[in-house]
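Quick note: the sequence shown uses numbering that gives the first Met the number 0, first residue 0, plus one each step.
Cβ atoms here follow ideal geometry from the backbone N, Cα and C, with glycine treated the same way.
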Amino acid sequence: MLKTKLCAPAINAMSLSGRVIDLRELEGKKVLVKFHRFSGCPIARRQVDDLIEAQETLGTAGIETIVVLHSSADKMHPNFDEVPGLHLVADPTKSLYRAYQAEFHWQKLFSLASWRATLASFARGYFPQVTRFQGGILGLPCDFLVDEHGRIAATHYGTHFGDSWTAADALQAATVR
């Protein structure tokens, strides 16, 4: 697990909109880096949609957001649209996941908390999209707040599939740093 005060691992990737996202070029801003599962996951889709809705609030607080999913861009496109300040990155090889030490546990498939998060997503109309599965169904969310100097200011490694920071959690992490 990455610790606070370390330099954040490099991110240099193409966003869904075709923009090159380089974490070093975002120095001077706070950056929320979020890792989710594949784009067909109902939990990931619900959480990313919630984040897209909250991006204006995050932007007002001076926070740029990078969301990484272990799907290819063509699997992500039908599900998500980027908004100003929020960049969606496809990482089907999971190289960024490895750099940020994201975890993949098959045991979490059987976690009661994971199933609760799945049912909560179903209740909001988010269902699995089998044709969008890519990179396996495993993967725990993790969140990082990177400060203006490129250092990790706060981390959160999820303990189940639905355990990811909300926009409110990110704002709180940004204000206590």
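- By the neighbour-count definition (other C-beta atoms within 10 Å, threshold 16), Glu24 is an exposed residue.
- Within the same chain, no residue comes within 6 Å of Pro83 by CB-CB distance, once the 5 residues on both sides are set aside.
- For the pair Leu50 and Ile151, the CB atoms are not nearer than the 8 Å cut-off.
- The continuous alpha helix (DSSP H) containing Tyr96 extends over residues 94–98.
- Distance between Ser38 and Glu55, taken at the CA atoms: about 22 Å.
- DSSP, reduced to helix, strand and coil, places Phe126 outside both helices and strands of the structure shown, so it counts as coil.
- Contact check for Val88 against Ile65 passes: the beta carbons are separated by less than 8 Å.
- For Leu50, the uninterrupted alpha helix (DSSP H) run begins and ends at 41–59, by DSSP.
- Between His69 and Tyr96, the C-beta gap is smaller than 8 Å, which places the two residues in contact.
- Here Lys28 carries a coil assignment [DSSP, helix/strand/coil].
- In the structure shown, Arg23 falls within a helical segment according to DSSP collapsed to helix, strand and coil.
- Annotation: the continuous alpha helix (DSSP H) that includes Leu170 extends over 166–174.
- The C-alpha of Glu52 lies about 30 Å from the C-alpha of Phe109.
- Shortest Cα-Cα distance from Cys40 to any of Phe126, Ala12, Lys28, Pro140 involves Phe126.
- In the three-state scheme derived from DSSP, where H, G and I count as helix and E and B as strand, Thr117 is classed as helix.
- In this structure, the straight-line span from the alpha carbon of Val32 to that of Val175 is close to 17 Å.
- Annotation for Ala112: His159 place their beta carbon closer than 6 Å to its own, counting only its chain and skipping 5 residues before and after.
- The beta carbon of Ser14 lies closer than 7 Å to those of Ile20, Glu81, His86, Leu87, Val88 in the same chain, with the five residues before and after it left out.
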